[in-house]
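S.K.: Respectively, the protein sequence lines represent chains R and E.
Residue 34 is where the first sequence starts when you use this note's numbering, and the numbers rise one by one after that.
Residue 13 is where the second sequence starts when you use this note's numbering, and the numbers rise one by one after that.
Glycine residues also receive a C-beta, built at the ideal position from the N, C-alpha and C atoms.
Note that this is a predicted model, so its numbers are computed, not measured.
Below: one structure in structure tokens.
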Amino acid sequence: MREKKVQSGYNFAFLDEQSKKEIRRRMLKAVAIPGYQVPFASRELPIARGWGTGGLQLTMSLIGPEDILKVIDQGSDDVVNAVNIRKLLVLTTGVRTTEDTREATLIQTRHRIPEEPLEDWQILVFQVPYPEPLRRVEPSEVKTREMHAEADYSRLWVYLYEDIVRWGEITIGAQYPVMVNGRYVMDPSPIPRWDVPRLNMAETLYLFGAGREKRIYAVPPHTRVEPLQFTDYPFRVEDFRCKQCALCGSVDTYLDEIIDDTTGARRYICSDTAYCAKRRRLKEEAGENA
Amino acid sequence: MPNEEPLLKVRGLTRIFGSGCSKCTICTGPMAGTNICSQCRSIVACADVSFDLYAGEILGVVGESGSGKSTLVQCLYFDIPATAGEACFKPYKDGKVNMLACSAQEKRYIRHHLMGMVYQNPHLGLKLDFTAGGNIAEKLLTAGIYHVGQIRRRAAELLLRTEVPLERMDHLPRFFSGGMQQRVQIAKALANNPPLVFLDEVTTGLDVSVQARVLDLIKKLQRELGLTMIVISHDLGVIRLLTNRTLVMKTGRVVETGLTDQILEDPQHPYTQLLVSSML
Ligand SMILES: Nc1ncnc2c1ncn2[C@@H]1O[C@H](COP(=O)(O)OP(=O)(O)OP(=O)(O)O)[C@@H](O)[C@H]1O
Ligand SMILES: [Mg+2]
Ligand SMILES: [Zn+2]
Numbered sequence: 034m035r036e037k038k039v040q041s042g043y044n045f046a047f048l049d050e051q052s053k054k055e056i057r058r059r060m061l062k063a064v065a066i067p068g069y070q071v072p073f074a075s076r077e078l079p080i081a082r083g084w085g086t087g088g089l090q091l092t093m094s095l096i097g098p099e100d101i102l103k104v105i106d107q108g109s110d111d112v113v114n115a116v117n118i119r120k121l122l123v124l125t126t127g128v129r130t131t132e133d134t135r136e137a138t139l140i141q142t143r144h145r146i147p148e149e150p151l152e153d154w155q156i157l158v159f160q161v162p163y164p165e166p167l168r169r170v171e172p173s174e175v176k177t178r179e180m181h182a183e184a185d186y187s188r189l190w191v192y193l194y195e196d197i198v199r200w201g202e203i204t205i206g207a208q209y210p211v212m213v214n215g216r217y218v219m220d221p222s223p224i225p226r227w228d229v230p231r232l233n234m235a236e237t238l239y240l241f242g243a244g245r246e247k248r249i250y251a252v253p254p255h256t257r258v259e260p261l262q263f264t265d266y267p268f269r270v271e272d273f274r275c276k277q278c279a280l281c282g283s284v285d286t287y288l289d290e291i292i293d294d295t296t297g298a299r300r301y302i303c304s305d306t307a308y309c310a311k312r313r314r315l316k317e318e319a320g321e322n323a
Numbered sequence: 013m014p015n016e017e018p019l020l021k022v023r024g025l026t027r028i029f030g031s032g033c034s035k036c037t038i039c040t041g042p043m044a045g046t047n048i049c050s051q052c053r054s055i056v057a058c059a060d061v062s063f064d065l066y067a068g069e070i071l072g073v074v075g076e077s078g079s080g081k082s083t084l085v086q087c088l089y090f091d092i093p094a095t096a097g098e099a100c101f102k103p104y105k106d107g108k109v110n111m112l113a114c115s116a117q118e119k120r121y122i123r124h125h126l127m128g129m130v131y132q133n134p135h136l137g138l139k140l141d142f143t144a145g146g147n148i149a150e151k152l153l154t155a156g157i158y159h160v161g162q163i164r165r166r167a168a169e170l171l172l173r174t175e176v177p178l179e180r181m182d183h184l185p186r187f188f189s190g191g192m193q194q195r196v197q198i199a200k201a202l203a204n205n206p207p208l209v210f211l212d213e214v215t216t217g218l219d220v221s222v223q224a225r226v227l228d229l230i231k232k233l234q235r236e237l238g239l240t241m242i243v244i245s246h247d248l249g250v251i252r253l254l255t256n257r258t259l260v261m262k263t264g265r266v267v268e269t270g271l272t273d274q275i276l277e278d279p280q281h282p283y284t285q286l287l288v289s290s291m292l
């Protein structure tokens with residue numbers, strides 16, 4: 034193995050080997066029981082808890098010198114949170130980084146799945162603020178664990194039923210509860226509904242890390258992931274019909290609404306900024322070649 | 013009832029609160045006059061309770077406060093684990109296995125698909141922060157009905173049957189009268205057409221006029237739906253009105269059992285005699 038130069042004073046990927054081994058063991062367990070929340074001993078990191086320390090520890094335990102790393106926050110590579118995490122990882126590993134989803138072997142993300150299809154040689158690590166999908170209906174940790182153990186999800190279902198009775202639809206946007214492998218209800222982290230179908234029967238391994246709550250869970254490749262839905266009120270993703278990205282013209286990506294401070298005008302642009310830029314580049318090239 | 017297998021067969025059902033010791037059952041019961049074991053201070057809430065219940069029958073359980081009536085049905089409804097004993101329930105694996113010994117998941121299945129329970133205290137049977145319809149929906153959802161329209165149709169049907177105004181369907185039972193809360197509880201208990209329903213002091217604590225109306229409702233439902241029920245009451249009037257057969261309990265034991273009318277006319281056990289004479 035080619036040794037990469039690493040800033041002296043740090044172990045490779047910051048965590049000590051013992052901690053990494055322990056976290057890998059937990060990840061293996063999570064992969065073995067899709068959707069089940071595995072407790073782990075969260076380590077102290079030079080980043081405040083609640084800023085992605087869960088996902089970061091998974092990334093640190095997985096990353097090798099050959100990896101090509103991508104870090105995004107809500108779809109963007111340039112936001113402070115993503116930049117800080119990337120800096121720390123580069124400083125302690127010396128790995129190459131990329132903004133191109135199709136090139137990255139390891140992607141750490143907060144609140145989005147990149148638009149471009151992911152493949153079996155890639156791993157997506159989610160930063161999770163609240164891992165417990167039943168917290169909405171049950172404050173006690175002891176009780177929610179019992180409910181998972183017995184696959185007793187009736188109260189969450191009643192919550193969804195009453196949401197429909199009150200509002201005519203299920204009002205949950207991000208963090209839409211999903212049933213994994215027909216057994217465990219899971220919080221997919223605050224990704225938009227748009228991304229939920231992409232968890233189902235995917236090629237890629239999805240790993241979820243919650244630092245503050247000390248939980249790891251996983252959706253291995255080719256696993257059934259179904260949003261909770263009623264036969265007569267089927268799950269729907271966000272509706273962007275008649276809208277397109279103001280920058281790249283895309284009509285098939287998840288769009289962020291931007292309101293102009295001065296004019297108040299609404300615009301929509303791709304939430305996945307790297308993909309948006311790539312599309313614009315390709316368009317320009319196509320234009321030049323024409 | 014000849015040649016027919018019982019719907020529910022209970023043998024030696026025992027529930028002890030506390031560590032328990034080998035002397036527990038000897039040191040307690042009607043003869044000892046207490047349900048507290050003198051050796052280990054455990055409470056023998058009910059012990060060695062056996063009976064058969066046939067489909068379509070309504071079994072009464074009567075006895076003074078603390079005699080173990082609620083403990084008995086709570087064990088059968090899996091609210092609390094039994095310490096010892098067996099219960100075979102025909103709708104579950106054709107009554108061939110002891111349901112008290114099956115897994116938590118199986119118990120949940122039996123409880124939600126095959127049984128209904130109405131508690132004296134509506135707080136126990138209803139989630140007061142779910143709507144009335146939501147409470148009924150919970151039972152239906154647990155039974156795998158994931159269609160809002162279907163759930164609402166069934167909930168409306170049940171509320172109609174239990175005489176709850178339909179416009180209350182989407183209101184919180186927290187703000188209902190005691191009688192109305194009991195009607196919603198009954199609607200919920202009947203949601204999946206369970207072969208067995210437990211009623212634990214459903215009318216205790218209600219005004220006398222409200223009590224009479226709820227009892228009428230239960231009688232009507234029994235006639236219309238042919239329910240099989242275990243009805244608990246310390247009130248022999250309720251037992252006489254609703255039940256075919258009765259268990260009389262005292263300090264955790266069954267002291268007398270028989271047809272309700274016979275027990276009321278010709279009580280055998282001194283305790284039953286006392287109960288009956290105090291009713292007159
Ligand atoms: N959780 C518990 N811990 C300890 N003792 C209990 C518990 N639950 C019930 N008991 C005791 O078990 C005995 C039987 O109680 P149970 O509630 O079954 O009586 P009951 O016949 O339903 O009385 P009531 O008519 O007052 O409802 C009582 O002595 C009671 O104090
Ligand atoms: Mg009681
Ligand atoms: Zn775009």
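Report the rounded CA-to-CA distance for residue 75 (chain R) versus residue 121 (chain E), giving the unit in angstroms.
M.R.: 37 Å
S.K.: Under DSSP, the beta strand (DSSP E) around residue 265 (chain R) begins and ends at which residues?
M.R.: Where residue 265 (chain R) is concerned, there is no enclosing beta strand (DSSP E), given that its DSSP letter is neither H nor E.
S.K.: Taking 7 Å as the threshold (C-beta atoms), are residue 279 (chain R) and residue 302 (chain R) in contact?
M.R.: yes
S.K.: How about residue 182 (chain E): is its C-beta nearer than 7 Å to some C-beta of chain R?
M.R.: yes
S.K.: Any heavy atom of ligand 1 closer than 6 Å to the Cβ of residue 133 (chain E)?
M.R.: no
S.K.: According to the neighbour-count rule (16 or more other Cβ atoms, all chains shown, within 10 Å of its Cβ), is residue 275 (chain R) buried or exposed?
M.R.: exposed
S.K.: Report the neighbours of residue 309 (chain E) on chain R: residues whose CB is nearer than 8 Å to its CB, in chain order.
M.R.: Lying outside 13 to 292, the shown extent of chain E, residue 309 (chain E) is not represented and no answer is given.
S.K.: Buried or exposed for residue 150 (chain E), please, with buried defined as at least 16 other CB atoms from any protein chain shown within 10 angstroms of its CB.
M.R.: Per the 10 Å Cβ criterion, buried.
S.K.: Could you give the residue range of the beta strand (DSSP E) that holds residue 209 (chain R)?
M.R.: No beta strand (DSSP E) contains residue 209 (chain R), which DSSP labels as neither H nor E.
S.K.: For residue 77 (chain E) versus residue 22 (chain E), is the C-beta distance shorter than 7 Å?
M.R.: no
S.K.: Of the residues that make up the region 183-197 of chain R, which ones have a beta carbon closer than 8 Å to any beta carbon in chain E?
M.R.: 183, 184, 185, 187, 188, 190, 191, 194, 195, 197
S.K.: Under 8 Å Cβ-Cβ, which residues of chain R neighbour residue 44 (chain E)?
M.R.: In chain order: nothing, as chain R lies at least about 37 Å away.
S.K.: Mind checking if residue 117 (chain E) is an interface residue toward chain R, Cβ cutoff 7 Å exclusive?
M.R.: Output row for residue 117 (chain E): interface = yes.
S.K.: Tell me, please, whether the CB atom of residue 306 (chain R) is closer than 7 Å to any CB atom in chain E?
M.R.: Not one chain E Cβ lies under 7 Å of residue 306 (chain R).
S.K.: Please state if the CB of residue 259 (chain R) and the CB of residue 146 (chain E) are separated by a distance shorter than 7 Å.
M.R.: Going by beta carbons, residue 146 (chain E) and residue 259 (chain R) fall outside the 7 Å limit.
S.K.: Check whether the Cβ of residue 70 (chain E) lies closer than 6 Å to any heavy atom of ligand 1, and answer yes or no.
M.R.: no
S.K.: What runs of the beta strand (DSSP E), each 3 residues or longer, lie entirely inside the region 228-259 of chain E?
M.R.: 241-245
S.K.: List the endpoints of the continuous alpha helix (DSSP H) containing residue 113 (chain R).
M.R.: 113-126
S.K.: Name the chain R residues that come within less than 9 Å of residue 145 (chain E), Cβ to Cβ?
M.R.: 194, 195, 198
S.K.: Would you list the residues whose beta-carbon is nearer than 5 Å to any heavy atom of ligand 3, in the order they occur in the chain?
M.R.: R:278, R:280, R:281, R:283, R:303, R:309
S.K.: Just the C-alpha distance for residue 277 (chain R) and residue 185 (chain E), rounded to the nearest angstrom, thanks.
M.R.: 47 Å
S.K.: Looking at the unbroken alpha helix (DSSP H) that takes in residue 165 (chain E), where does it start and where does it end?
M.R.: Per DSSP, residue 165 (chain E) belongs to the alpha helix (DSSP H) from 160-173.
S.K.: With distances taken Cα to Cα, identify the nearest neighbour of residue 146 (chain R) among R:288, R:169, R:47, R:319.
M.R.: R:288
S.K.: When the Cα atoms are used, what is the spatial distance from residue 117 (chain R) to residue 181 (chain R)?
M.R.: 35 Å
S.K.: Leaving out the 5 sequence neighbours to the left and right, which residues in its chain are closer than 7 Å to residue 202 (chain R) when beta-carbon positions are compared?
M.R.: 266
S.K.: From residue 56 (chain E) to residue 74 (chain E), what does the alpha carbon distance come to, in whole angstroms?
M.R.: 17 Å
S.K.: Could you say which of E:166, E:261, E:277 lies nearest to residue 47 (chain E) if we only look at CA atoms?
M.R.: E:261
S.K.: Cα-Cα, which of R:307, R:211, R:230 is closest to residue 133 (chain R)?
M.R.: R:307
S.K.: Can you say whether residue 237 (chain E) is buried or exposed, counting buried as having 16 or more other CB atoms within 10 angstroms of its CB?
M.R.: Residue environment for residue 237 (chain E): exposed (fewer than 16 other C-beta atoms within 10 angstroms of its C-beta).
S.K.: I need the straight-line Cα distance from residue 311 (chain R) to residue 239 (chain R), nearest angstrom please.
M.R.: 24 Å
S.K.: What are the boundary residues of the alpha helix (DSSP H) that residue 86 (chain E) is part of?
M.R.: Segment 81-88, the alpha helix (DSSP H) holding residue 86 (chain E).
S.K.: Using a threshold of 6 Å, is the CB atom of residue 77 (chain E) nearer than that to any non-hydrogen atom of ligand 1?
M.R.: yes
S.K.: Pull up the distance between the alpha-carbon of residue 102 (chain R) and that of residue 128 (chain R), whole angstroms please.
M.R.: 7 Å
S.K.: For the beta strand (DSSP E) that contains residue 182 (chain E), what are its first and last residues?
M.R.: Note, residue 182 (chain E): premise wrong, no beta strand (DSSP E); not H, not E.
S.K.: Could you tell me which residues DSSP pairs with residue 114 (chain E) in its beta bridges?
M.R.: In the DSSP output, where bridge partners are listed per residue, residue 114 (chain E) has none listed.
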